[in-house]
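Undergrad:
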DNA sequence: ATTCAGGTCTTTGGATACAATGAGAGAAAT
DNA sequence: ATTTCTCTCATTGTATCCAAAGACCTGAAT
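Residue numbers (the numbering used here), protein chains in the order written: chain A, 1 to 230; chain B, 231 to 460.
So, in structure tokens, the structure goes:
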């Protein structure tokens, strides 16, 4: 009976809050949205989803509420639900927030990172650097960063960061598709330098690197307003 | 059909998302929780609320989902709903987040603040300094800070800050009750200095003042773990 | 006396049925 | 031709009913 939902697996893309049908539907819908199956702006009809999952519209409504609180779905009363889309300004806001709170989360996490985790981070960074397709790049990058936060036992902060990643997922995909997964070599170098700071236990430097990494990404992103065309 | 909900009134304690019964119930329940009528840990029975508002349990469930996404209510599947309570660690986390993102919000807001708004901020600060009871102190402090953010046209950032204020409201009340609304003179001085920076349009200094203000409050709060006794 | 098992009972979760609201098409008037 | 009004239909919102899952109480056995 705490204020937080359990999250044993830091990599889980879905909180999987509980066993209710609404939560299960939310989990699967979330994965579909994050996978890119639904583009932002796509309308979501309750009945369609209900039929798809073999349930009534009621748990679907609960699922939509959950996804709304995740920022993935936008509900309008008496009208319907849509997959959320961001304006460039909103996306930049999210990156500004990330830039300020993810270093904090990393600071909580760093002292608890095991050698095994650091090794795994190195593997992920190397695998990314070897070059891959867009989807793999996105998956590895997400796993890399969220794993670097896995030492933190925080509740609110971790969830907030998770939400921000989910909300911007589609635009990261669009951006990466546009410029190619290796166009920005800086990403790989920054990851390597970040790992170095983590290995040394240099919290200050790790925070600075991460903040800069997010900041640079935001500035790159803002050069492509076309990604956010309505 | 944007990703944000309208919020014309920056002071509204409730988003008042739309006209559905669930949202209206959520709005009123939220106000009751924030007013202190329900202590954290209090169980909320769906049927009680339904009867209180003359509705069925269904919109109540929606209201509880909404409040859960606000962080004010904790739902457990097949078990029930409780007014959320925070541990000291969780509350400190929220203050750490606030310390990093509220200065950012203030930076967005500052250039848009009208002379009238600055005057109103001065009135609020003066009124607080004159000394009042706990409830008035809380109301004025909340209005002061949220009004200082009212110039920002942000969406996500403003909502996030709003949620953090709501989630910690009960503990601010408990803390203020414990030490008295005037025990911390520093609050008043900080407010005055903050207004000075705002008047000069000195964004850097305003951000620094606000960050320090929140930080100091967090440190004070952490001296009283008894406030968070289960 | 304490602990464990069973059963009842309260409370939540879900499905069907109905009401109400909004959106879109079509027709008429300017 | 364009705009506006109205009517119809698709879709969401709510209530009632039923099912299921915990919680609590009672009882017996060690």
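All C-beta atoms in this analysis are idealised placements derived from N, C-alpha and C, irrespective of residue type, glycine included.
1) If residue 276(B) sits next to residue 291(B), beta carbons under 8 Å apart, how far is it from one beta carbon to the other, in whole angstroms?
2) List the residues of chain B that residue 104(A) touches, going by C-beta distances under 7 Å, in chain order.
3) For residue 167(A) and residue 72(A), which I take to be in contact (beta-carbon distance under 8 Å), what is that distance rounded to the nearest angstrom?
4) Beta-carbon separation of residue 263(B) and residue 313(B) under 8 Å?
5) Could you give the distance in angstroms between the alpha-carbon of residue 258(B) and the alpha-carbon of residue 297(B)?
6) In chain A, which residues lie less than 8 Å from residue 250(B) when you measure between Cβ atoms?
7) Can you grab the Cα-Cα spacing for the pair residue 357(B) / residue 345(B), in whole Å?
8) Select from 266(B), 374(B), 425(B) and 310(B) the residue whose C-alpha is nearest the C-alpha of residue 399(B).
9) Note down, in chain order, each residue of its chain lying with its Cβ closer than 6 Å to the Cβ of residue 191(A), except the 5 sequence neighbours on either side.
10) Within 10 Å of its beta-carbon, does residue 455(B) have 16 or more other beta-carbons around it, so buried, or fewer, so exposed?
11) Helix, strand or coil, according to DSSP, for residue 72(A) in the structure here?
12) For the alpha helix (DSSP H) containing residue 83(A), list its first residue and its last residue.
13) Enumerate in chain order the residues of its own chain whose CB-to-CB distance from residue 216(A) is below 7 Å, with the five nearest sequence positions on each side excluded.
14) Whole angstroms are fine: how far does the CA of residue 50(A) sit from the CA of residue 274(B)?
15) May I ask you to report which of helix, strand or coil DSSP gives residue 28(A)?
16) Once you ignore the five residues that flank residue 42(A) on each side, which residues in its own chain have a CB closer than 8 Å to its CB?
17) If we ignore side chains and look at the alpha-carbon of each, how far apart do residue 21(A) and residue 442(B) end up?
18) Does the segment 127-141 of chain A come close enough to the segment 369-388 of chain B to have 3 or more Cβ pairs within less than 8 Å?
19) With 9 Å as the C-beta to C-beta threshold (strictly closer), list the residues of the segment 57-78 of chain A near chain B in chain order.
20) What is the rounded straight-line gap between the Cα of residue 210(A) and the Cα of residue 218(A)?
21) Verify whether the separation of the beta carbon atoms of residue 391(B) and residue 401(B) is less than 8 Å.
22) Residue 274(B) bridges to which residues according to DSSP?
23) Kindly list, in the order they appear in chain A, the residues whose Cβ is closer than 8 Å to that of residue 323(B).
24) Please tell me whether residue 407(B) has its Cβ less than 8 Å away from any Cβ of chain A.
25) Helix, strand or coil: how does DSSP classify residue 403(B) here?
26) Tell whether a beta-carbon distance below 8 Å holds between residue 394(B) and residue 444(B).
27) Can you find a C-beta in chain A that's less than 8 Å from the C-beta of residue 320(B)?
TA: If we stick to the structure as given:
1) Counted from its first residue, the second chain places residue 276(B) at position 46. Counted from its first residue, the second chain places residue 291(B) at position 61. Indeed, because the Cβ distance is near 6 Å, the residues count as touching under 8 Å.
2) Residue 104(A) sits at position 104 when you count from the first residue of the first chain. Correct list: 326 and 330.
3) Along the first chain, one-based indexing puts residue 167(A) at 167. Along the first chain, one-based indexing puts residue 72(A) at 72. Right, their Cβ atoms sit about 7 Å apart.
4) Here the question's residue 263(B) lines up with position 33 in the second chain. Here the question's residue 313(B) lines up with position 83 in the second chain. Against a cut-off of 8 Å, the Cβ pair of residue 313(B) and residue 263(B) comes out as a contact.
5) Position 28 of the second chain, counting from 1, holds the residue named residue 258(B). Position 67 of the second chain, counting from 1, holds the residue named residue 297(B). Those two C-alpha atoms are separated by around 11 Å.
6) As a first step, residue 250(B) is located in the second chain; it is residue number 20 there, counting from the start. In chain order, 77 and 78 make up the part of chain A whose C-beta sits under 8 Å from the C-beta of residue 250(B).
7) Within the second chain, the letter at position 127 stands for residue 357(B). Within the second chain, the letter at position 115 stands for residue 345(B). So the two alpha carbons sit approximately 18 Å from each other.
8) Indexing the second chain from 1 puts residue 399(B) at position 169. Checked all of 266(B), 374(B), 425(B) and 310(B); the closest Cα to residue 399(B) is 266(B).
9) One-based indexing of the first chain puts residue 191(A) at position 191. Only 125 meet the Cβ criterion.
10) One-based indexing of the second chain puts residue 455(B) at position 225. Exposed.
11) Within the first chain, numbered from 1, the residue matching residue 72(A) stands at position 72. Looking at residue 72(A) - three-state DSSP - the assignment turns out to be coil, as it is neither helix nor strand.
12) For the purposes of this step, residue 83(A) is taken as residue 83 along the first chain, with counting starting at 1. It is not in any alpha helix (DSSP H) - residue 83(A) instead sits in the beta strand (DSSP E) that spans 80-83.
13) For the purposes of this step, residue 216(A) is taken as residue 216 along the first chain, with counting starting at 1. Answer for residue 216(A): 186, listed in chain order.
14) In the second chain, residue 274(B) corresponds to position 44, counting from 1. In the first chain, residue 50(A) corresponds to position 50, counting from 1. Residue 274(B) and residue 50(A): Cα-Cα distance of roughly 28 Å.
15) The count along the first chain starts at 1 and reaches residue 28(A) at position 28. Looking at residue 28(A) - three-state DSSP - the assignment turns out to be helix.
16) Mapped onto the first chain, residue 42(A) falls at position 42. The residues are 82 and 83.
17) The sequence position of residue 21(A) within the first chain is 21, counting from 1. The sequence position of residue 442(B) within the second chain is 212, counting from 1. Looking at the two C-alpha atoms, the distance is approximately 45 Å.
18) no
19) 58, 61, 62, 65, 66, 68, 69, 70, 71, 74, 75, 76, 77 and 78
20) Walking along the first chain from the start, residue 210(A) turns up at place 210. Walking along the first chain from the start, residue 218(A) turns up at place 218. So the alpha carbons of these two residues sit roughly 12 Å apart.
21) Working through the second chain from its first residue, we reach residue 391(B) at position 161. Working through the second chain from its first residue, we reach residue 401(B) at position 171. Taking 8 Å as the Cβ cut-off, residue 391(B) and residue 401(B) do not qualify as a contacting pair.
22) As a working note, residue 274(B) is residue 44 in the second chain. Its beta-bridge partners are 311(B).
23) For this step, residue 323(B) is matched to residue 93 along the second chain. Neighbours of residue 323(B) on chain A, chain order: 154, 155, 156 and 157.
24) Taking the first residue of the second chain as 1, we reach residue 407(B) at position 177. No - not a single Cβ of chain A is within 8 Å of the one on residue 407(B).
25) Against the second chain, residue 403(B) aligns to sequence position 173. Of the three classes helix, strand and coil, the one that applies to residue 403(B) here is helix, per DSSP.
26) On the second chain, residue 394(B) is found 164 positions in, with the first residue counted as 1. On the second chain, residue 444(B) is found 214 positions in, with the first residue counted as 1. No, these two residues do not count as a Cβ contact at 8 Å.
27) Here residue 320(B) is taken as the residue at index 90 of the second chain, counted from 1. Taking Cβ atoms only, chain A reaches closer than 8 Å to residue 320(B), which makes this a yes.
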